[in-house]
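Peer 1: Heads up: the sequence shown begins at 135 in this note's numbering, then just goes up one per residue. Pasting a structure below so you can have a look.
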Amino acid sequence: LDAAVFDKASFFTSVKRSSVHILLTDSNVAKVLLDKFEKLFADLRINFYLVVVDPGEKSKSIQTYTSVLERCADHGINRLSTVIGVGGGVVKDLAGFLASTYLRGINLVLIPTTPLAQVDAAIDWRHSLNLPEGKNLIGSILAPSEILVNATLFKTLNQRWVRDGLAESIKLALCQNPALLTTLKEVKLSSEEWIAQVIDVSVSKKIVAMDRNSSPDLAMLVYGHAIGHALEHLAEGGFGHGEAISIGMCVTAELSLLTGLSDQASLNAHYEVFQAFDLPTLVPIEYDIHHIWSAICTDKRFRDLKMYAPCVQTIGKLATDESGDAFLPFEEEVVLRALELNRSRIK
Ligand SMILES: NC(=O)c1ccc[n+]([C@@H]2O[C@H](COP(=O)([O-])OP(=O)(O)OC[C@H]3O[C@@H](n4cnc5c(N)ncnc54)[C@H](O)[C@@H]3O)[C@@H](O)[C@H]2O)c1
Ligand SMILES: [Zn+2]
């Protein structure tokens with residue numbers, strides 16, 4: 135972690151030096167970054183109480199949340215304290231949910247350490263925990279005061295997770311930014327500068343463009359997620375979030391073509407870009423499509439026996455109904471057909 139990552143004069147300005155704060159991370163991140171943060175916080179005279187959770191999705195549980203809450207209460211975390219979340223999307227969700235609920239809400243600072251968390255999770259104000267019944271079924275909303283986005287933070291991350299995170303950038307490109315799709319095609323995974331550039335473009339475009347009252351802007355964040363989350367849930371850790379939504383976006387593109395919302399070129403562009411990044415595009419053959427549908431039924435927007443999901447009409451643009459709503463309804467039969475069409479590509 136080079137010192138230049140933090141402009142010491144301006145970062146952590148929301149963190150009050152007179153209080154104790156909570157530094158929340160997972161054990162993988164602690165192994166590679168903790169000593170650097172300890173030194174940095176000592177230099178900045180930031181007192182913190184360290185909480186290290188297990189890595190992985192299972193830490194986004196009520197049990198982990200409760201145990202962290204109790205530790206906050208036992209260690210003098212108060213209204214002037216900040217939750218500083220250092221880690222991937224899992225830590226971000228747990229830190230965000232904690233900060234938004236402890237004492238009815240305290241300050242939140244996020245230091246995302248995976249590309250996925252940098253281009254997507256950390257710049258989203260929604261924070262979620264899982265239930266055994268499904269992903270992200272409990273949630274809250276809180277704007278972080280400060281977010282540090284920097285590609286040097288994931289130097290230690292293996293290439294699988296770098297690719298996994300870029301799936302969220304590809305999502306933004308497909309939904310609203312065809313120029314980013316061109317940038318992505320030129321990315322060499324080994325080149326830090328390119329990845330940094332993709333992250334910059336994704337983040338700045340999104341922060342500038344986000345209108346939380348606009349259906350297409352909100353929809354863009356969850357493109358491919360209704361099906362992707364179902365696959366992620368069924369895979370029980372076998373897929374990364376980005377991997378699962380890559381397949382979800384391909385199946386959704388099949389669905390768009392099938393229902394006349396888009397064309398063959400848009401479908402082809404989906405498969406091509408994910409394949410170029412070695413991201414999965416096909417629903418594993420061993421998954422029963424009826425089980426996938428049952429998992430889709432737990433999606434937050436599912437109602438009246440229909441999946442509500444956004445669809446790309448042409449690259450860079452989401453389809454909307456007459457009222458401008460980008461969440462379009464799909465019945466079981468057509469979703470199962472799209473899953474089958476996707477699987478018919480398995481050689
Ligand atoms: N709106 C939102 O809040 C939002 C958006 C997208 C994803 N998410 C959530 O984010 C989670 C996925 O995030 P993720 O892909 O970052 O997963 P993750 O947090 O599980 O991190 C992936 C792995 O990398 C490790 N790791 C993280 N940073 C590292 C580093 N710098 N060096 C070495 N190892 C490191 C972690 O310990 C973990 O094992 C999911 O739970 C998803 O639901 C939330
Ligand atoms: Zn996502």
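Think of the CB as a built atom: it goes at the ideal place given N, C-alpha and C, for glycine as much as any other residue. Note that the structure is predicted; figures quoted are calculated from it, not measured.
#1: State the start and end residues of the unbroken alpha helix (DSSP H) segment that holds S234.
#2: Which word fits Q252, buried or exposed, when buried means at least 16 other C-beta atoms lie within 10 angstroms of its C-beta?
#3: Determine the contact status of D227 and D188, defining contact as a CB-CB distance below 8 Å.
#4: Whole angstroms are fine: how far does the CA of T393 sit from the CA of E466?
#5: In chain order, what residues of the same chain lie with their CB nearer than 7 Å to the CB of I419, ignoring the 5 residues before and after it?
#6: For E388, I'd like the list of residues in its chain whose CB is within less than 6 Å of its CB, leaving aside the five on either flank, ordered along the chain.
#7: Alpha helix (DSSP H) containing S161: first to last residue?
#8: My output table needs one value for E466: the three-state DSSP class, helix, strand or coil.
#9: Roughly how far, in whole angstroms, is the beta-carbon of A364 from the beta-carbon of I426, given that I think they are within contact range, below 8 Å?
#10: Any heavy atom of ligand 2 inside 7 Å of the beta-carbon of I333?
#11: Quick check: the Cα distance between G374 and E302, rounded to an integer number of angstroms?
#12: Please name the residue, chosen from G221, D459, S234, V356, that lies closest to V166 on a Cα-to-Cα basis.
#13: Given this structure, state the Cα-to-Cα distance separating P87 from G376, to the nearest angstrom.
#14: Using a Cβ-Cβ cutoff of less than 6 Å, which residues in the same chain neighbour N241 once the five nearest sequence positions on both sides are dropped?
#15: Which residues does DSSP list as the beta-bridge partners of E280?
#16: At a cut-off of 7 Å, is L416 close to ligand 1 when judged by its beta-carbon and the heavy atoms of the ligand?
#17: Which residues mark the beginning and the end of the alpha helix (DSSP H) in which G376 is found?
#18: Could you work out which residue in I430, I180, K289 is closest to V243 when comparing CA atoms only?
#19: Please confirm whether any heavy atom of ligand 2 lies closer than 7 Å to the CB of H359.
#20: Got a sec: does ligand 1 put a non-hydrogen atom nearer than 7 Å to the Cβ of W295?
#21: Considering only residues of the same chain and omitting the five flanking positions on each side of W295, which have a CB-CB separation below 7 Å?
#22: Taking DSSP as the reference, what is the three-state secondary structure of S262?
Peer 2: In this structure, then:
#1: 223-235
#2: buried
#3: no
#4: 13 Å
#5: R477, I480
#6: A472, L475, N476
#7: 161-178
#8: helix
#9: 5 Å
#10: no
#11: 12 Å
#12: G221
#13: Residue numbering for the chain in the displayed model covers 135 to 481; residue 87 lies beyond these limits and cannot be assessed.
#14: S148, T216, S279
#15: V243
#16: no
#17: 375-392
#18: I180
#19: yes
#20: yes
#21: T248, G374
#22: strand
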